[in-house]
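Okay, so the sequence shown: first residue is 1 according to full-length UniProt numbering, each after it adds one. A short worksheet on the structure shown next.
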Amino acid sequence: MTGRVKNVTCVMQELGYLDSALEPDFDRIAARIGRLPVPAELRRDMQDGVQFCRQFSQCIPDSRRDKFMLSGELLRPMFFFRCYKHKKLEACIMKDVRERYQQAAQGQGLEDNLLPNTRAMDLDREAEARGPDGLDEDHMAAAVYEFLYGGDNLDTDSFF
Numbered sequence: 001m002t003g004r005v006k007n008v009t010c011v012m013q014e015l016g017y018l019d020s021a022l023e024p025d026f027d028r029i030a031a032r033i034g035r036l037p038v039p040a041e042l043r044r045d046m047q048d049g050v051q052f053c054r055q056f057s058q059c060i061p062d063s064r065r066d067k068f069m070l071s072g073e074l075l076r077p078m079f080f081f082r083c084y085k086h087k088k089l090e091a092c093i094m095k096d097v098r099e100r101y102q103q104a105a106q107g108q109g110l111e112d113n114l115l116p117n118t119r120a121m122d123l124d125r126e127a128e129a130r131g132p133d134g135l136d137e138d139h140m141a142a143a144v145y146e147f148l149y150g151g152d153n154l155d156t157d158s159f160f
């Protein structure tokens, strides 16, 4: 493993995302989700995402591992965290959909909710206004998150 990969695995182990065998620590991840101060449906969707991605990451064919520059033991965790990143987004979208339907069922108008107003979109607009050199703490945190959970530069379609 390279120094950069060792640093990332060390950080992820310290945060409780990886166990000593460099596998995702599913129990600690599930426990952390269980403690989140969010609606029960969102927690359940996130827990379901962990289980889905756990099963998905177990299906990586050994014959295809040689195509990637990572060592074999890091491929499964990388696939799990990339999958889970998308499942968390899906869970948040479902939360928003549920809230909108509840508002409609209660007779509240949806006119002001038709356009999404999320923090991420606000940050993107602010970044565009500042230009390429104006990174703030939120953008640095997002960059670290992308580094830890995998960016979009890996071609996962070549596996299958």
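Ideal Cβ positions, reconstructed from N, Cα and C, are used throughout, including at glycine. If you're wondering where the values come from, they're calculated on a predicted model, not measured in any experiment.
Asked, Found
"Taking the continuous alpha helix (DSSP H) assigned at ASP27, which residues delimit it?", "26-34"
"Out of ILE33, VAL38, LYS95, PRO37, point me to the one whose CA is closest to GLN51's CA.", "ILE33"
"Would ILE93 be called buried (16 or more neighbouring beta carbons within 10 Å of its own) or exposed?", "exposed"
"What's the C-alpha gap between MET78 and LEU15?", "16 Å"
"Please list, in chain order, all residues of the same chain as PHE80 whose beta carbon is under 6 Å from its beta carbon, the five residues on each side excluded.", "PRO24, CYS53, SER57"
"One question on the structure: do ARG28 and TYR17 come within less than 9 Å of each other, judged by their Cβ atoms?", "yes"
"Give me the DSSP bridge partner(s) of LEU18.", "PRO24"
"Roughly how many angstroms lie between the CA atoms of PRO39 and ARG98, to the nearest whole one?", "11 Å"
"Within the same chain, show all residues whose beta-carbon is closer than 8 Å to that of PHE26, passing over the 5 residues directly before and after it, in chain order.", "VAL50, ARG54"
"Does the Cβ of ARG76 have 16 or more other Cβ atoms within 10 Å, making it buried, or fewer, making it exposed?", "buried"
"Helix, strand or coil: which one does DSSP assign to ILE93?", "helix"
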